[in-house]
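Protein chains in written order, with this note's numbering: chain A, 1 to 106; chain B, 107 to 212.
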DNA sequence: GTGATACATAAAACTCTATTTATGGGTTGT
DNA sequence: ACAACCCATAAATAGAGTTTTATGTATCAC
């Protein structure tokens, strides 16, 4: 056919990943995690959202692969998984058939 | 505060952009446009979707900046706007505070 | 064990997005 | 003007995602 390198399954995968980034709150969560790993309570205080809501968004991010969760006592530590972002950009490049390296853009 | 370089307005902007990519059909549209510009009728035949649906998705992509539309007679020619993708990746890098260049990933 | 803390999950209400069906506006050719 | 074609928009419906409220599970301290 005319597919640009990505299988149907991969298409659904990156679609879901883009969906996981379709939320101001989730982007804020990711931004907060750039400072390093964090538990849920700290994020709750930092972002001023309810705990169940935060938990739900963290689940979305985890299912998309953008964060990992690790139990430590009664806390759960979340941290960024940068490779997931790199993989997404890479798949987007394949879909578009171009390079998105932004050297010389600004 | 703790913002990683992006304003509230910019956050909403890239959130919307990610939302525009949260659709298998829209990714297929973008992939189809990598071959070059196209009118709506050709995309309709290629992707086998109804014309109003296609038109709606094209509007979403245009509002997000990923495609541009140009009238040519009674046709409207759509084409990719690669700078929008580069800008999005760039903003994502700012949000995460890292570089996403995928050199050496595969 | 009891109580307190940390996190996840379930159910319901709400909001946003996608799809269909029908119609309208603009352009070309006769 | 008329008919045919290309595309956009409106209204109605269906579906997916989000938020709240309430409850459950696991861990630590006592």
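For every residue, glycine included, the Cβ atom is placed at its ideal position computed from N, Cα and C. Since the model is a prediction, treat every value here as computed from it, not as a measurement.
Residue-level contact by beta carbon holds for residue 202/B and chain A, with a gap shorter than 8 Å. Residue 17/A counts as buried, since at least 16 other C-beta atoms from the protein chains shown sit within 10 angstroms of its C-beta.
The beta carbon of residue 20/A sits closer than 7 Å to those of 26, 60, 61, 64, 66, all from its chain and outside the five residues before and after it, given in chain order. The beta carbon of residue 47/A lies closer than 8 Å to those of 25, 28, 29, 32, 54 in the same chain, with the five residues before and after it left out.
The residue among 114/B, 196/B, 187/B with its C-alpha nearest the C-alpha of residue 141/B is 187/B. In terms of beta-carbon proximity, residue 22/A lines the interface with chain B, with at least one pair separated by less than 8 Å. Our two residues, residue 39/A and residue 175/B, have alpha carbons roughly 46 Å apart in a direct line. Of all residues in the region 29-46 of chain A, only 30, 31, 32, 34, 35, 46 come within less than 8 Å of chain B when Cβ atoms are compared, listed by chain position.
Using a Cβ-Cβ cut-off of 8 Å, residue 11/A counts as an interface residue toward chain B, since at least one Cβ of chain B sits closer than that to its own. Distance from the CA atom of residue 15/A to the CA atom of residue 74/A, rounded to whole angstroms, is 33 Å. Using a CB distance below 9 Å, the part of the region 73-91 of chain A facing chain B consists of 80, 82, 83, 85, 86, 87, 88, 89, 90, ordered along the chain.
Chain-order list of chain B residues neighbouring residue 15/A: 128, 129, 130, 133, by C-beta distance under 7 Å. In terms of beta-carbon proximity, residue 19/A lines the interface with chain B, with at least one pair separated by less than 8 Å.
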